[in-house]
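Take a look at the structure set out below.
There are 2 protein chains.
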Amino acid sequence: MSFSPLIRQLIDALRGLPGVGPKTAQRMALSLLERDRQGGLRLAEALQQAMEGVGYCSRCRTLSEAEICELCSDPRRDDSLLCVLQSPADVWAVEMAGSFRGRYFVLKGHLSPIDGLGPDEIGVPALIERLEGSAVTEVILATNPTVEGEATAHYIAGLLRPLGIRVSRIAHGVPLGGELEFIDGGTLAHALAGRTLIS
Amino acid sequence: MSFSPLIRQLIDALRGLPGVGPKTAQRMALSLLERDRQGGLRLAEALQQAMEGVGYCSRCRTLSEAEICELCSDPRRDDSLLCVLQSPADVWAVEMAGSFRGRYFVLKGHLSPIDGLGPDEIGVPALIERLEGSAVTEVILATNPTVEGEATAHYIAGLLRPLGIRVSRIAHGVPLGGELEFIDGGTLAHALAGRTLIS
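Residue numbers (full-length UniProt numbering), protein chains in the order written: chain G, 1 to 199; chain L, 1 to 199.
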């Protein structure tokens, strides 16, 4: 083909991004080369700084370049509530929703015995450690509503109950804006079982 | 929001890529940080090298880090045919098609008087210079099949005819795999006018 070596190398590297196939990578490379070299250099710089500089918050284990992340060090947040999630992306999603003002703790995924991922691998001991001597009175288990996420939530709930901490699970039900006829049976069953009285 | 400064900077820089919105940029940043830091660093390196190293071939004006690109320096190609295109992406597209074995010349877009893009701006003098004393016997005008591309092709054809060079235009007609009922009238009219005898 007719790409010069540097262009070929750029297209190959762009294909490492999620959702980017050969055509898209080619279009991205061309767009940067023809119209936005400054943007390309800015992206190179941002990538290098982030890949080398971003680690994990030592308190909540989300992605952060600071030893303690902004969310953990914000004095205005509620120390009594701890939301347990499966990944940093979930922290971002809950923050975007804007209604939660407590603290977070991020597991490394979910329990998956066949993949060799037990409690130690996903960071359960660190969660217990985080709770020891803390002001947390309620742990909200917000792992994914999947079989593995449920199993992980139940396992952790079993561990925390003896510690005298209130343990809750995010509600399952019909998502806002959905149409009932297109919602799966499992979700509908949960929505019915979890119904609330209209006062 | 809950992104640390380096992550925010990375997401902003990724949004400079064509077709990448805020959600996609966030997913890309997270994917690199959580699963592929080596890939992220490789991309940073590839971007920097390409943005700083890739220029234009002095002969055909396509993107290339070499003074003369691979296509222009390949001795096996036909020097008598010159295909004139609007952008480096078009060179790649024609090369992918695999049937053309001549040389290329890349204009900087098309004529657009309202945007101040005249013959000088799109590189017509360089095309004339490229042809002087060359072995080219036919110029194939492969600008886009748009109003501006047609106008550009006709303008260049008018300039080249007095030089005694054969000037051709790529065929307009029905694209392969299309269904006639969905093809626009202009294209169908061209396809009928340009019909060829079946021998």
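C-beta: ideal position from N, C-alpha, C; glycine also.
Source: prediction; values computed, not measured.
- Message: Rounding to the nearest angstrom, what Cα-Cα distance links Ala196 of chain L and Gly173 of chain L in this structure?
- Response: One point to set straight first is that residue 196 of chain L is Thr, not Ala, in the sequence displayed. Cα to Cα, Thr196 of chain L sits roughly 11 Å from Gly173 of chain L.
- Closest by C-alpha distance to Ser168 of chain L, when choosing among L:Arg61, L:Glu150, L:Ile140: L:Ile140
- Task: Round the Cβ separation of Leu188 of chain L and Leu33 of chain G to the nearest angstrom and send it over; I've been treating them as touching at under 8 Å.
- Result: So it is not a contact: roughly 37 Å between Cβ atoms.
- Name the two residues that bound the continuous beta strand (DSSP E) containing Cys83 of chain L. 81-85
- Message: Checking the sheet assignment: what are the DSSP bridge partners for Gly55 of chain G?
- Response: Bridge partners of Gly55 of chain G: G:Ser64.
- Task: Verify the CB distance criterion: does Val174 of chain G have a CB-CB separation below 7 Å to chain L?
- Result: no
- Message: Is the separation between the beta-carbon of Leu30 of chain L and that of Ala89 of chain G shorter than 7 Å?
- Response: Yes, they are a contact pair.
- Message: Taking the alpha-carbon of Leu43 of chain L as reference, which of G:Cys72, G:Cys57, G:Gln9, G:Gly55 has the nearest alpha-carbon?
- Response: G:Gln9
- Message: Using beta carbons (cut-off 7 Å, strictly below), is Pro18 of chain G in contact with chain L?
- Response: yes
- Message: Quick check on Gln38 of chain L: buried or exposed, where buried means 16 or more other Cβ atoms within 10 Å of its Cβ?
- Response: exposed
- Query: How long is the line joining the alpha carbons of Lys108 of chain L and Gly133 of chain L, rounded to whole angstroms?
  - Reply: 23 Å
- Task: State the DSSP-derived secondary structure class of Phe100 of chain G, mapped to helix, strand or coil.
- Result: Correct three-state label for Phe100 of chain G: coil.
- Message: With a threshold of 7 Å between beta carbons, is Glu65 of chain L in contact with chain G?
- Response: yes
- Message: According to DSSP, simplified to helix, strand and coil, what is Ile165 of chain L?
- Response: coil
- Status (buried if at least 16 other CB within 10 Å, exposed otherwise) for Ile198 of chain G: exposed
- Message: If distances are taken between C-alpha atoms only, which option among G:Ser58, G:Arg77, G:Asp79 comes closest to Cys69 of chain G?
- Response: G:Ser58
- Query: If you compare alpha carbons, which of G:Pro125, G:Leu81, G:Leu6 is closest to Gln26 of chain G?
  - Reply: G:Leu6
- Query: For the stretch 147-176 of chain L, which residues have a CB atom closer than 8 Å to at least one CB atom of chain G, in sequence order?
  - Reply: none
- Message: Using only CA atoms, which one of L:Phe105, L:Leu131, L:Val84 lies nearest to Gly164 of chain L?
- Response: L:Leu131
- Item | Whole-angstrom distance between Leu192 of chain G and Leu180 of chain G, CA atom to CA atom | 12 Å
- Which residues share a DSSP beta bridge with residue 201 of chain L? With chain L represented from 1 up to 199, any question about residue 201 of chain L goes unanswered, as that position is not in the structure.
- Item | Interfacial residues, the stretch 50-80 of chain G to chain L, with Cβ spacing under 8 Å | Ala50, Met51, Glu52, Gly53, Val54, Thr62, Leu63, Ser64, Glu65, Ala66, Cys69, Glu70, Leu71
- Message: Within the continuous beta strand (DSSP E) that includes Glu138 of chain L, where are the two ends?
- Response: 138-141
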